[in-house]
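Heads up: the sequence lines are chains A and B, in that order.
Residues 1 to 314 (the working numbering) are what the first sequence spells out, left to right.
Residues 1001 to 1286 (the working numbering) are what the second sequence spells out, left to right.
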Amino acid sequence: MKPAMKVVLAWLPLFLVPLVLHNEVVLTILVFTFILGILAVSFNLIFGYTGQLSMFHAAAFGIAAYATHLSMAHLGVSFWIGMALAVLVVSALSLVVGTICFRFKLKEFYFAIVTLAFSEMARLVILNWGSFTNGSLGINLNSKPTLWLPGGSIPVEGTRMWYYLSLTALIATVAVVTRVVHSWMGRAFAAIRINDELADTLGIDVFRYKLVSFAIGNAGAAVAGALYAFYLSYIEPGYLSIEQSLAIVAMALLGGRDWVVGPIVGALILTALPHVIELSAEARILVYGLILIVTILALPRGIAGVFARRRRVL
Amino acid sequence: MLQLVVGQLLNGVIIGTLYGIIALGVTLTFGITGIVNFALGAFMAIGAYVGWYLTDGLGIAYPAAIPLAVCATALMGLLADQTLFRFTRNNLINGLIVSIGLISVIESVLLMLWTTTPKNMHYVLPGVIDFGWFIVPRMKGVVFLVLLAVILATYAALTRTWTGRAAYAYAQAPEAALLMGVRTRLLETGVVVYSTALAGLGGALYASLYSLEVSLGSSYILKGVEAAILAGIGSVMGSLMGGILLGVTEAVGSIFFPQAYRDAYGLVFLVLVLLFRPAGLFGARR
């Protein structure tokens, strides 16, 4: 059986959870986990699989959130068309940013810094373009996505509906990423991660595959951004903050960057943790910092690494 | 108009030396231990809070409080090095994440000790220096001179003493330096601690000029990293020049362009330098 098919089948039981579990809080945590999971899994395609520490992910997430809303408000399209437009916009921007970074062969820290710089510029534009984005106050979103079902369309409202929607989107993302990393492309990504000069010598078009990985990853972040914004019904420039980028890196590292689904574990822990233990705001920051430090020093392969027997090769 | 430009130019230079002192720490840490210590901004906050507490809380004279604050910060730096950074040598991503985790830890401890209320130190040195057609607050002048002296002294120490040459040698060829009798582990720890002490000094001086909040270092570490890259990682005098250049670009840029995009001017400049002169503006000597 193909790996991507396996993923879909393995995840199907999760659709049954809301039937047996009626706890609103737990379901809400799971919805956030699924949406942030999309973000973390797609980031990990760039970071864990292609070996590029991108700091542009929060920007892709936030730009898509704004682009979806703005195209709905100003072009009058539905949520789904808006999301598709946002994915297009983000992919186009990724191609521009990626082309600049990879054409000039920026690596490691320099790549992280330049993507961070572009991310900050995007945040400053959104923060200061008041007439479109309402600046630092953000925008309350009143509309909801609608689903077409036999017998009419229904708005996606309530935790249960969002659970199914976000889970479907997450499974689709995991399936796509699994498909990509098991393909010829995935092998090229791995070669670039392990040694990009050698990959170049072997005839792999390093520039092109880095760019493809960057664009696919950011497109995933765009889907997550659109969903997150409309689940929360609120967008603000904080979506594009450096803290948001770092939280994504933390999810990938905490969960395990060597596995496609690893970052979802990280997303679950970082989302659930504040709800599981009652903490003051200060203590919460402290715990967050300690988790990062302990994960890196004690579990360099993340939580998934504890359960996996061997390191993946690809 | 000219007066405004000159005034902003001076402001930019003074802020720029603060960027420069952080950039110097970034450059030294990167050159010797191969990581970028993003927590230097948080160490700056430690220096600032301890300096403020010693002066306004315990009533110690400010000139005596500064060295004490620097020592306290360096002690924290030693602790961080021995418990954390010792395990992330030459591992850029791990070092990055650990230092980011450390920022959260330091900020939360500062919050628990001194709450979120912004702190303002009393005016240590009121008055201005009058240059005829523009004025500089005295304290800003002092801060500028102290930081300048420390950066120049660091440069002198690195180029004129055995330890300094050992550091350069280690940055170029770690194994050869080890074979030549450089105590490399001590050197690594020393550089991490020294860079936190520099940040602590920046913070203690910052406390006399601006109001304090726990995240005060976050913009300075970003500017410090920008300045270090702008100058070319590894260049000591370059980090001073890079800091000043960045400070001036922002201050003068916000006269002619919208103030709201102040932070973006430095970023655009940085991206252009990285694309067209990846070794930085001031060469690649480590």
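By construction, the Cβ of each residue, glycine as well, lies at the ideal position given by its N, Cα and C atoms.
Self-check item: Beta-carbon proximity of A/G217 to A/I46, cut-off 7 Å
Solution: yes
Quiz item: Thinking C-alpha only, which one of B/M1121, B/H1122, B/E1107 is nearest B/T1115?
Solution: Closest by alpha carbon: B/E1107.
Quiz item: Would B/F1087 count as contacting chain A if we go by Cβ distances under 7 Å?
Solution: yes
Quiz prompt | Limits of the unbroken alpha helix (DSSP H) element including A/W162 | solution = 158-181
Quiz item: Can you tell which of B/I1032, B/L1054, B/L1024 has the C-alpha that lies nearest to the C-alpha of B/G1041?
Solution: Residue B/L1024 is the option with its Cα nearest to B/G1041.
Exercise. Compute the beta-carbon to beta-carbon distance between B/Q1259 and B/W1133, rounded to the nearest angstrom, for a pair I have assumed lies under 8 Å.
Key: Not a contact, Cβ separation roughly 24 Å.
Quiz prompt | Pairwise C-alpha distance: A/A10 and B/A1228 | solution = 49 Å
Quiz item: Going by other Cβ atoms of all chains shown within 10 Å of its Cβ, with 16 needed for buried, is A/G203 buried or exposed?
Solution: Flag for A/G203 reads exposed.
Quiz prompt | Distance CB(A/A250)-CB(A/P263) smaller than 7 Å | solution = no
Self-check item: B/A1166 versus B/T1033 - alpha carbon distance
Solution: 14 Å
Quiz item: What residues in the segment 110-122 of chain A have a beta carbon less than 7 Å from any beta carbon of chain B?
Solution: Y110, I113, V114, A117, E120, M121
Quiz item: Should B/K1140 be labelled buried (16 or more other beta-carbon atoms within 10 Å of its own) or exposed?
Solution: buried
Practice problem: Could you tell me which uninterrupted beta strand (DSSP E) segments, each at least 3 residues in length, are contained entirely in the segment 1082-1139 of chain B, listed from first to last along the chain? | Solution: Taken in chain order, the unbroken stretches of beta strand (DSSP E) that lie wholly in the segment 1082-1139 of chain B and span 3 residues or more are 1128-1130, 1135-1137.
Quiz item: Would B/V1143 pass as a contact of B/L1205 if the rule is Cβ separation under 7 Å?
Solution: yes
Practice problem: Show which residues of chain A have a CB atom less than 9 Å away from the CB atom of B/G1101. | Solution: A250, Y288, G289, L290, I291, L292, I293, V294, T295, I296
Quiz item: Roughly how many angstroms lie between the CA atoms of A/M55 and B/N1094, to the nearest whole one?
Solution: 15 Å
Quiz prompt | Cβ shell of A/A222 (< 7 Å), same chain only, five flanking positions each side left out | solution = A60, A64, A86, V87, V90
Exercise. State yes or no: is the beta carbon of B/R1286 nearer than 7 Å to at least one beta carbon in chain A?
Key: Per-residue confidence for B/R1286 stands at a pLDDT of 40, beneath the threshold of 50, marking its modelled position as unreliable; no derived number is given.
Self-check item: C-alpha distance - A/F111 paired with A/I126, whole-angstrom precision
Solution: 23 Å
Quiz prompt | Amino acids of chain B, ordered along the chain, whose beta-carbon sits closer than 9 Å to that of A/A316 | solution = This structure leaves residue 316 of chain A out entirely; chain A is present only between 1 and 314.
Exercise. Compute the distance between the beta-carbons of B/G1232 and B/A1279, then report whether it is under 7 Å.
Key: yes
Quiz item: Counting pairs of Cβ atoms below 8 Å between the segment 21-39 of chain A and the segment 166-174 of chain A, do you hit three or more?
Solution: yes
Exercise. With DSSP collapsed to three states, give me the class of A/N128.
Key: Look at A/N128 here: in three-state DSSP terms it is helix.
Quiz item: Taking the alpha-carbon positions, what's the A/R284 to A/I269 distance?
Solution: 13 Å
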